[in-house]
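Okay, structure first, notes after.
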Amino acid sequence: MTRMEPQPGIMDIALYVGGASQIAGVSDVVKLSSNENPFGPSPAAIAAVERSARTLHRYPSTDHASLRAALAEVHGLDAARIICGVGSDEIIHFLCQAYAGPGDEVLYTQHGFAMYRISAMAAGATPVEVAERDRTVHVDAILAACTEHTRLVFIANPANPTGTFIQLGEVERLAEGLPEQCLLVLDGAYAEFEEGYDGGAALIEHRDNVVMTRTFSKLYGLGGLRVGWGYASRDIIDVLNRVRGPFNLSSTALEAAEAALGDHAYVEKCLAENAKMRSWLTEALRGLGIGVDDSHANFVLARFSDPAEADACEAHLKTQGLIVRKVAGYKLPEALRITVGDESACRRVVHAIGQFK
Ligand code: PMP
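The UniProt record's numbering applies: residue 1 is where the sequence shown begins, and numbers increase by one.
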C-alpha cells in the first residue's frame with residue numbers, strides 16, 4: 001500500500017481560513033477578512049434556502065442540470081462544458097487530482113492563492129512557486145519556469161490578495177506559450193468585480209488548454225453554502241466529472257445559487273456599491289500615507305512600512321472591532337488585506353487607521 005507522506009494540510013495553514021467574526025469583549029464587530037459580500041446573500045437566495053428545507057429528505061441532483069443551464073444562460077456559455085463544485089476550492093482540487101500526480105509540477109505565483117499549493121500536495125505533485133514583480137503576475141516568468149513536468153498553471157485574475165489584474169492579451173500569450181501537456185487555470189473568484197471581464201470564457205472558446213473557475217462565495221454572498229463552478233472543453237469537463245462525487249452539492253446550495261444568479265438587480269447594486277466604496281477606501285488610505293495598488297476586486301491591500309507596523313495596525317483595528325486579514329502567509333508580511341465593506345465599515349476602518357497613524 002502506498003501512503004502519502006505527512007504534508008502541511010489546511011489545519012496547518014490557519015492564515016487561509018477566514019478567522020473569527022467575534023472579538024472577546026468588543027461589540028459591533030465587522031469582519032473584513034474574507035472578502036465576503038457586506039450586504040449578505042440576495043433575498044431571493046434566502047427564500048430559496050427556506051423553500052429547500054421542505055425537500056431535504058431527497059438526495060440532490062447529481063448532474064446540476066438546472067444550475068448549469070442558468071449559468072449558461074447568464075454567461076452565454078455551453079451548459080455541457082460547465083462543472084459545479086463545493087466552492088471553487090473543489091474545482092481546484094479536482095483539477096489537481098485529475099491532472100497532477102507524483103513527478104508532476106503545479107505552478108502558481110509568489111502571492112498565489114493558498115489552495116493551489118494544498119491541492120497540488122494532496123495530489124502528490126510538486127508545487128512550484130514563481131516570483132511576482134510589484135505584486136503582479138508576469139507571463140514571461142511563468143513561461144520560463146515551465147518544464148516538461150509542468151501539468152497545471154494557476155493564476156487568479158483579479159488576484160487575491162493583491163487585487164491586481166492582468167490583461168487578456170497577456171493571458172492569451174501565456175496560454176499560447178505553455179508546453180503542450182500543460183493546462184492554464186484562470187481562477188475567476190473575483191472576475192465579476194472587473195467590469196467587462198468574462199473570466200476568460202471567450203478564450204476557452206478557441207483554446208482547449210484553458211480552464212476557468214468561478215464562485216458564488218464573493219459577489220453572490222454565498223460563501224457559507226459552498227458553490228463554485230468551472231468551464232472548459234468537453235474533454236476536460238468529462239475528466240473532472242470522473243473525480244467528482246455524485247452528490248457533491250447539497251440541494252439547498254444548488255437552489256440558492258440559482259436564485260442568487262437570477263437576482264440581477266441585487267447583483268448590480270452590490271457591484272455599484274463595491275466600486276464606489278473601493279475607490280473611496282483606496283483614496284482615503286492613500287491620503288493617510290499607506291501604499292495601496294488599484295484593486296480590481298472587492299478588497300484592497302494596504303501596505304505598511306514594515307511587518308511590525310502592519311501587525312500593530314491589525315491589533316489596533318481589532319480593539320476597534322474591525323477584523324482584517326494579515327497576509328504574511330501570502331508572503332506579504334508588511335500588508336493587511338481589507339475587504340471593501342459597506343460605507344459605515346469603510347469609514348470606521350479609515351478612522352481607526354487614522355488614529356493608529
Ligand atoms: N480562488 C481565490 C483567488 C480565492 O480568493 C478564493 C476564496 N478566498 C477561492 C478561489 C475559493 O473560493 P470558494 O471555494 O469559496 O469558491
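Note that beta-carbon positions come from the ideal geometry of N, C-alpha and C, so glycine has one too.
| Item | Value |
| --- | --- |
| Own chain, CB closer than 8 Å to H149, minus 5 neighbours either side, in chain order | G103, D104, E105, T126 |
| Closer than 6 Å: A253 CB and nearest the ligand PMP heavy atom | no |
| Sequence-distant residues of the same chain with beta carbon closer than 7 Å to G291, five excluded per side | R303 |
| Where the beta strand (DSSP E) through R303 begins and ends | 299-303 |
| Integer Cβ distance of G199 from L183, believed to fall under 8 Å | With a Cβ gap of about 16 Å, G199 and L183 do not count as contacting. |
| From D306, E273, S305, L317, residue whose alpha carbon lies closest to that of A297 | E273 |
| Buried or exposed by the 16-neighbour rule on C-beta atoms within 10 Å, applied to V26 | exposed |
| Proximity to C346 [Cα-Cα], best of L285, E205, L178 | L285 |
| Classification of K218 by the beta-carbon crowding that lies within 10 angstroms, buried from 16 upward | buried |
| Validate contact between the stretch 23-40 and the stretch 240-252 using beta carbons, cut 8 Å, 3 pairs | no |
| Cβ-heavy atom distance, G101 to the ligand PMP, below 6 Å | no |
| Contacts around L15, its chain only, beta-carbon distance under 6 Å, and the 5 residues preceding and following it disregarded | Its pLDDT being 46, under 50, L15 is placed unreliably in this model, and the value from its coordinates should be taken loosely. So the list reads G329, once near-sequence residues are dropped. |
| Chain-ordered residues, beta carbon under 5 Å from a heavy atom of the ligand PMP | G87, S88, D89, F113, A156, N160, D187, A189, T215, S217, G228 |
| Span separating the alpha-carbon of V130 from that of D89 | 21 Å |
| Alpha-carbon spacing of A144 relative to V153, whole angstroms | 12 Å |
| Boundaries of the alpha helix (DSSP H) in which R51 is found, first to last residue | 43-52 |
| For E105, the residue or residues it bridges with in DSSP | T126, T150 |
| Separation of V300 from D294, as counted between CA atoms | 8 Å |
| Neighbourhood of R135 by C-beta distance below 7 Å, restricted to the same chain and skipping five residues each side | H111, T162, T164, D293 |
| Cβ pair count under 8 Å reaching 3, the stretch 322-337 against the stretch 191-206 | no |
| Collapsed DSSP secondary structure at R347 in the structure displayed | helix |
| Straight-line gap, Y220 to S42 (C-alpha atoms, nearest Å) | 7 Å |
| Inter-residue CB distance, W229 and R214 (contact presumed, cutoff 8 Å) | 5 Å |
| Contact check, L261 vs A70, beta carbons under 7 Å | yes |
| Contact under 7 Å by Cβ, V74 with A256 | no |
| I155 vs V139 beta-carbon contact at 7 Å | no |
| Separation of K318 from V227, as counted between CA atoms | 30 Å |
| Buried versus exposed call for H64 [16 or more other C-beta atoms within 10 Å across all chains shown] | buried |
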